[in-house]
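So this note's numbering is basically just the index in the sequence shown, starting at one, shifted up by 18.
Every residue, glycine too, gets a C-beta built ideally from N, C-alpha and C.
Given the structure is predicted, the values throughout are model-derived calculations rather than measurements.
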Amino acid sequence: MANSPQSKKRARQNERRFQINKARRSRIRTFLRKVEEAIASGDKDAAATALRQAQPELMRGVTKGVFHKKTAARKMSRLASRVKAIG
């Protein structure tokens, strides 16, 4: 348990950041899930649209420190190649 005033403040800040990052991660996963569902349905137009909407969300996660840059790039690359392979 935090004892000093500084460590107590740090604990509060960490909890607040955790909640914000958790919400961001959840939002990004929702966008990625929409792309996955469009790919599974075999609708290339819907998948391409969903991918275009997911890309800025994923990169925003990178700038906010939720995901690593290369992780986001790898996810986008793999999704893009799967969308391209439809039809």
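* glycine 79, DSSP secondary structure in three states -> Indexing the sequence shown from 1 puts residue 79 at position 61. It is helical.
* **Distance between beta carbons of valine 53 and leucine 69, contact taken as under 8 Å** => The sequence position of residue 69 within the sequence shown is 51, counting from 1. The sequence position of residue 53 within the sequence shown is 35, counting from 1. Yes, they are in contact, since the Cβ atoms of leucine 69 and valine 53 sit about 5 Å apart, within 8 Å.
* Confirm, please, whether the CB-CB distance from phenylalanine 85 to glutamine 71 is below 8 Å. => Start at 1 with the first residue of the sequence shown, and residue 71 comes out as number 53. Start at 1 with the first residue of the sequence shown, and residue 85 comes out as number 67. Cβ distance not < 8 Å, so glutamine 71 and phenylalanine 85 don't count as in contact.
* Assuming isoleucine 38 contacts glutamate 75 (C-beta within less than 8 Å), just tell me the rounded distance between them. => Taking the first residue of the sequence shown as position 1, residue 38 is located at position 20. Taking the first residue of the sequence shown as position 1, residue 75 is located at position 57. So it is not a contact: roughly 15 Å between Cβ atoms.
* Asked: Going by alpha carbons, who is nearest to methionine 77 out of Ser22, Met94 and Ala66?
  -> Residue mapping note: residue 77 aligns to position 59 of the sequence shown, counting from 1. The shortest Cα separation from methionine 77 among Ser22, Met94 and Ala66 belongs to Met94.
* **Collapsed DSSP secondary structure at phenylalanine 85 in the structure displayed** => To locate residue 85, count along the sequence shown from 1; it is residue 67. Phenylalanine 85 falls in the coil class under three-state DSSP.
* Asked: From lysine 87 to arginine 28, what distance separates their C-alpha atoms?
  -> As a first step, residue 87 is located in the sequence shown; it is residue number 69 there, counting from the start. As a first step, residue 28 is located in the sequence shown; it is residue number 10 there, counting from the start. Going by the C-alpha atoms only, they are around 26 Å apart.
* Reduced DSSP category for asparagine 39 - H, G, I as helix; E, B as strand; rest coil -> Taking the first residue of the sequence shown as 1, we reach residue 39 at position 21. Correct three-state label for asparagine 39: helix.
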